[in-house]
Amino acid sequence: MTNQEIRCAILKYIYDEKKAGNEFAMAVVKRITKDYKVDIKRVRSIFLRDLPKEGLIETRSPWGTSATDAVITEKGIREYMEKCKGG
Numbered sequence: 335m336t337n338q339e340i341r342c343a344i345l346k347y348i349y350d351e352k353k354a355g356n357e358f359a360m361a362v363v364k365r366i367t368k369d370y371k372v373d374i375k376r377v378r379s380i381f382l383r384d385l386p387k388e389g390l391i392e393t394r395s396p397w398g399t400s401a402t403d404a405v406i407t408e409k410g411i412r413e414y415m416e417k418c419k420g421g
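Numbering-wise, the sequence shown is residues 335 to 421 according to this note's numbering.
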């Protein structure tokens with residue numbers, strides 16, 4: 335699985351949670367690693383560093399960078415629609 339595919343999986347999961355009316359997507363890293371059988375370190379790196387740095391998601395946790403809960407930003411929704419859904 336490429337890094338772009340992992341990014342899309344993360345954004346899709348968080349976006350789907352938002353559409354379902356949930357403010358936060360919980361346990362994103364565990365869910366992605368289980369569903370897609372990818373290395374947790376790769377997912378964690380993309381989830382905790384890349385996507386927040388680019389303003390696509392905001393992680394929420396009192397412990398900062400160990401967060402596994404996230405909310406998608408408007409920029410993240412646009413990227414998901416354009417690059418992941420092909421729209």
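Ideal Cβ positions, reconstructed from N, Cα and C, are used throughout, including at glycine. Everything numeric in this text was worked out from a predicted model, so none of it was measured.
Quick one: grab the DSSP three-state call for residue 407. coil
Is the beta carbon of residue 377 sitting closer than 8 Å to the one on residue 366? yes
Quick check: residue 406 and residue 364, are their CB atoms within less than 8 Å of each other? no
Can the beta-carbon of residue 340 be found less than 8 Å from the beta-carbon of residue 404? no
Less than 7 Å between C-beta atoms, sequence neighbours within five positions excluded: which residues of the same chain meet that for residue 355? none
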